[in-house]
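Peer 1: First the structure, which I've put down as structure tokens, then a few questions once you've had a look.
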Amino acid sequence: MVHRTTPIPPAMHAAPLVPIPPSTIPAVASVVLPDGRVVTGYAIEPAKPDPVAAKPVVSRAAVNVALGGVGFLAVCGGLLLLTTFIAALTALITQLIILAAVIFGGWIAVQIFGASGHKGGTTVHIRKATFKRNHFHG
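The working numbering puts the first residue of the sequence shown at 24, with every later residue one more than the last.
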């Protein structure tokens, strides 16, 4: 394959000059070709890719896992306190029941075995003597 260069013909007539304000004039670049000709034109800026959103230092999944772990620890601590509270409440109720049983049992024992002002019993008269609860009263 043979590559043949095509010469650029010189411009026949000049274009009319239109005044342009200095702030809107684009940059003009000039290139000198090997044969000595100068090519002048506007500089074309290369297409810039869209800026990629900066990735966060820590991924969202890692943050969610960490927050889940913190929540789990908080729940475990609360459950530990709850079970401790339930165990203490159970012990208190058990001790109150035992105390009530001891007091009520003691009251019953006093009623049954206690000495009261009235001494009941069987009175038997034998030859003008009185026996009350195995005591002789003559």
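Heads up, the beta-carbon is just placed ideally off N, CA and C, and yes, glycines get one too.
Which residue or residues does DSSP assign as beta-bridge partners of residue 125?
Peer 2: As a working mapping, residue 125 is identified with position 102 in the sequence shown. DSSP, once it has assigned bridges, lists no residue as partnering residue 125.
Peer 1: In whole angstroms, give me the CA-to-CA distance for residue 121 and residue 128.
Peer 2: To locate residue 121, count along the sequence shown from 1; it is residue 98. To locate residue 128, count along the sequence shown from 1; it is residue 105. Rounded to the nearest angstrom, the two C-alpha atoms are 10 Å apart.
Peer 1: Quick check on the DSSP output: the beta strand (DSSP E) that includes residue 53 runs from which residue to which?
Peer 2: If you number the sequence shown from 1, residue 53 lands on position 30. Note, residue 53: beta strand (DSSP E), 51-55.
Peer 1: If you follow the beta strand (DSSP E) that residue 61 is part of, which residue opens it and which one closes it?
Peer 2: Reading the sequence shown from its first residue, position 38 is the one you call residue 61. Taken as a continuous stretch (DSSP letters only), the beta strand (DSSP E) holding residue 61 covers 61-65.
Peer 1: Measuring straight from C-alpha to C-alpha, what distance separates residue 31 and residue 71?
Peer 2: Here residue 31 is taken as the residue at index 8 of the sequence shown, counted from 1. Here residue 71 is taken as the residue at index 48 of the sequence shown, counted from 1. Computed Cα separation, rounded: 31 Å.
Peer 1: Please list, in chain order, all residues of the same chain as residue 65 whose beta carbon is under 8 Å from its beta carbon, the five residues on each side excluded.
Peer 2: Residue mapping note: residue 65 aligns to position 42 of the sequence shown, counting from 1. Only 49, 50, 51 and 52 meet the Cβ criterion.
Peer 1: With a cut-off of 8 Å on the beta carbons, I'd call residue 62 and residue 54 a contact; round off their distance for me.
Peer 2: The count along the sequence shown starts at 1 and reaches residue 62 at position 39. The count along the sequence shown starts at 1 and reaches residue 54 at position 31. Contact flag correct, Cβ pair sits at about 5 Å.
Peer 1: Rounded to whole angstroms, what is the Cα-Cα separation between residue 27 and residue 42?
Peer 2: Counted from its first residue, the sequence shown places residue 27 at position 4. Counted from its first residue, the sequence shown places residue 42 at position 19. Their backbone Cα atoms lie some 39 Å apart in a straight line.
Peer 1: Please report the distance separating the alpha-carbon of residue 33 from that of residue 60.
Peer 2: Within the sequence shown, numbered from 1, the residue matching residue 33 stands at position 10. Within the sequence shown, numbered from 1, the residue matching residue 60 stands at position 37. About 11 Å.
Peer 1: Using DSSP with H/G/I as helix, E/B as strand and the rest coil, what is residue 107?
Peer 2: Here residue 107 corresponds to residue number 84 of the sequence shown, with the count starting at 1. Helix.
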